[in-house]
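A.B. asks:
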Amino acid sequence: MIERPSARLILLDPQDRLFLFNVHDPDVFDPVDPYHGPLWVMIGGMVDPGEEFVDAAVREAYEEARLPVIDQPRWVWQRQRRMSWRGRDVLHKERFFLARTDRTEVDTSGLDERERSWTRGHHWWRPEDIATSGERFEPGNLGTQLVTLLRDGPPAQPIMLPP
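With the first letter of the sequence shown counted as 1, position 60 gets the number 96 in my numbering; the numbers rise by one all the way through.
#1: Could you give the DSSP three-state label for residue 176: helix, strand or coil?
#2: Does residue 64 come out as helix, strand or coil in the three-state DSSP assignment?
#3: Which residue from 68, 160, 165 and 135 puts its Cα closest to that of residue 56?
#4: Would you say residue 139 faces chain C, with C-beta separation under 8 Å as the test?
#5: My understanding is that residue 82 touches residue 122, with C-beta atoms under 8 Å, so please give their C-beta distance in whole angstroms.
#6: In chain order, what residues of the same chain lie with their CB nearer than 6 Å to the CB of residue 102, ignoring the 5 residues before and after it?
#7: Between residue 178 and residue 134, is the Cβ-Cβ spacing less than 8 Å?
#8: Identify the residues that DSSP records as bridge partners of residue 55: which are they?
#9: Which residues in the same chain have their Cβ closer than 6 Å to the Cβ of residue 118, if we skip the five residues on either side of it in sequence?
#10: Output needed for residue 151: all residues of its chain with C-beta closer than 8 Å, excluding positions within five of it in sequence on either side, in chain order.
#11: For residue 78, tell me which candidate among 191, 157 and 189 has the shortest Cα-Cα distance.
#12: Given this structure, state the Cα-to-Cα distance separating residue 169 from residue 125, to the nearest angstrom.
#13: Is it true that the CB of residue 50 sits closer than 8 Å to the CB of residue 138?
#14: Whose CA, out of 146, 45, 167 and 73, lies closest to the CA of residue 108?
#15: Taking its Cβ as the centre, do 16 or more other Cβ atoms sit within 10 Å of residue 73, making it buried, or is it exposed?
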């Protein structure tokens with residue numbers, strides 16, 4: 037099994053809306069819950085060798101959407117899950133960081149060819165809209181987790197999310 041350290045950014049705009057990409061790659065799925073349709077995911081990606089998770093999350097926000105992080109990101113969630121990644125068994129070790137941006141204009145020209153092939157769009161989501169939407173989000177309980185995070189603030193220690 038291949039291990040893939042990943043950093044995700046819970047990136048909020050001034051109105052507490054969360055930036056998400058809509059992606060679709062039927063060859064990337066959870067073998068326990070093999071959903072092959074489009075879904076909404078947080079900005080982020082793989083942590084490069086020698087890179088800190090938080091630095092990877094901030095880098096990805098700029099590379100993928102040209103969105104600057106204007107505060108110190110806080111590590112609030114973590115998760116480990118096995119995925120089928122284009123025929124390979126991959127263990128994703130994810131850390132999620134809460135951060136803010138002062139912009140809502142998105143520039144996706146920094147997406148590489150592979151990222152462009154599976155990206156269907158992007159949107160700034162209100163937490164309550166995620167919680168009541170019929171669309172698929174990752175993590176699956178994102179709406180509930182986000183509402184709790186915004187209500188209670190960052191936890192003292194990162195919360196382990198279910199796979």
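For glycine and all other residues, C-beta sits at the position ideal for the given N, C-alpha and C. Small disclaimer: the values here were computed from a predicted structure and weren't measured.
C.D. replies: Walking through what the data contain:
#1: Taking the sequence shown and counting its residues from 1, the one referred to as residue 176 is at position 140. Coil, per DSSP.
#2: Working through the sequence shown from its first residue, we reach residue 64 at position 28. Residue 64: strand per DSSP, three-state reduction.
#3: Working through the sequence shown from its first residue, we reach residue 56 at position 20. The shortest C-alpha separation from residue 56 is found at 160.
#4: Reference to chain C is not applicable here, since this structure consists of a single protein chain.
#5: In the sequence shown, residue 82 corresponds to position 46, counting from 1. In the sequence shown, residue 122 corresponds to position 86, counting from 1. Incorrect: roughly 14 Å between the Cβ atoms, too far for contact.
#6: Residue numbering aside, residue 102 sits at position 66 when the sequence shown is read from its first letter. Cβ within range, chain order: 143.
#7: Translated into positions along the sequence shown, residue 178 becomes position 142. Translated into positions along the sequence shown, residue 134 becomes position 98. No, the pair does not count as a contact, with Cβ atoms beyond the cut-off.
#8: Residue numbering aside, residue 55 sits at position 19 when the sequence shown is read from its first letter. Residue 55 is bridged to 160.
#9: By 1-based counting over the sequence shown, the position of residue 118 is 82. So the qualifying residues of the chain are 127.
#10: The sequence position of residue 151 within the sequence shown is 115, counting from 1. Taken in chain order, the residues that qualify are 100.
#11: Walking along the sequence shown from the start, residue 78 turns up at place 42. Measuring from the Cα of residue 78, the nearest candidate turns out to be 157.
#12: As a position in the sequence shown, residue 169 is number 133, starting the count at 1. As a position in the sequence shown, residue 125 is number 89, starting the count at 1. Whole-angstrom Cα-Cα distance: 30 Å.
#13: Taking the sequence shown and counting its residues from 1, the one referred to as residue 138 is at position 102. Taking the sequence shown and counting its residues from 1, the one referred to as residue 50 is at position 14. Yes.
#14: The residue you call residue 108 lines up with position 72 of the sequence shown. Nearest C-alpha to residue 108: 45.
#15: Within the sequence shown, residue 73 is the residue found at index 37, counting from 1. Exposed.
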